[in-house]
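Read the structure below first, then the notes.
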């Protein structure tokens, strides 16, 4: 009975387009050969794609083995690249993007830069990146500059504790 019930739901989901999109789009994003097609599909959906993007970043979307797609790397990078192209259409995902900044994902910097404004969580994530001795710190500083946040108290607090962060801020 369980298999029949699953088959029935699967047919219903396919008829509604739910099963195909949910499962296939995630698998496409997890494959280097199909990821660009999947990105284009999701970008073309516009705001309707937010639910798919959020399910990847939140860890709700899982592969057939139960592994969240946000633990597989490539789907997260693709999701961030999609957000970067969608800009403010994907603004509601900003807090997820801010968390990816903490993981030093360069795609997260492109995504956060695509918004017309950023919130406190994003500023905090960018500020915490300033003291890491890397190119990422310089790119984070440029993003902060774009949003006029170089003099934000969180940024100044990091700069006060880290000579490297202060030098990065001075260079941008």
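Numbering (the working numbering), first residue to last: 998 to 1169. Note that the Cβ used here is the ideal one computed from N, Cα and C, for glycine as well.
Residue i versus residue j: straight-line alpha-carbon distance, rounded
i: residue 1149; j: residue 1157; result: 12 Å
i: residue 1037; j: residue 1117; result: 30 Å
i: residue 1068; j: residue 1058; result: 10 Å
i: residue 1039; j: residue 1027; result: 14 Å
i: residue 1132; j: residue 1142; result: 15 Å
i: residue 1063; j: residue 1055; result: 14 Å
i: residue 1109; j: residue 1094; result: 7 Å
i: residue 1173; j: residue 1082; result: Because the chain is modelled from 998 through 1169, residue 1173 falls outside the range shown and cannot be assessed.
i: residue 1021; j: residue 1155; result: 43 Å
i: residue 1091; j: residue 1046; result: 15 Å
i: residue 1151; j: residue 1041; result: 37 Å
i: residue 1138; j: residue 1032; result: 30 Å
Exposure label - residue i; buried when at least 16 CB within 10 Å
i: residue 1073; result: buried
i: residue 1140; result: buried
i: residue 1025; result: buried
i: residue 1048; result: exposed
i: residue 977; result: Because the chain here runs from 998 to 1169, residue 977 falls outside it and cannot be looked at.
i: residue 1097; result: buried
Residue i: first and last residue of the uninterrupted alpha helix (DSSP H) it sits in
i: residue 1048; result: 1047–1055
i: residue 1076; result: 1071–1083
i: residue 1150; result: 1150–1158
i: residue 1127; result: Residue 1127 -> no alpha helix (DSSP H), and no H or E assigned at all.
i: residue 1094; result: 1091–1099
i: residue 1103; result: 1103–1110
i: residue 1038; result: 1032–1042
i: residue 1135; result: 1132–1143
i: residue 1023; result: 1022–1026
Beta-carbon proximity list for residue i, same chain, < 8 Å, skipping 5 on both sides
i: residue 1135; result: 1165, 1168, 1169
i: residue 963; result: Residue 963 lies beyond the range of the chain shown here (998 to 1169); nothing can be said about it.
i: residue 1107; result: 1077, 1078, 1081
Identity of the residue in the options nearest residue i by Cα
i: residue 1079; options: 1125, 1034, 1151; result: 1034
i: residue 1053; options: 1082, 1066, 1097; result: 1066
i: residue 1130; options: 1146, 1162, 1144, 1107; result: 1162
i: residue 1159; options: 1127, 1062, 1022, 1083; result: 1127
i: residue 1076; options: 1133, 1031, 1050; result: 1050
i: residue 1061; options: 1023, 1119, 1115; result: 1023
i: residue 1071; options: 1105, 1046, 1138, 1091; result: 1105
Own chain partners of residue i with C-beta closer than 7 Å, once the 5 adjacent residues on each side are dropped
i: residue 1247; result: Shown here, the chain extends from 998 to 1169; a query on residue 1247 therefore has no answer.
i: residue 1086; result: 1043, 1044
Residues of its chain near residue i, where Cβ-Cβ distance is below 6 Å and the 5 sequence neighbours each way are ignored
i: residue 1144; result: 1115
i: residue 1101; result: 1133
i: residue 1153; result: none
Any non-hydrogen atom of the ligand ADP within 7 Å of residue i CB
i: residue 1095; result: As presented, the structure is devoid of all ligands, the ligand ADP included, so that no description of it is given.
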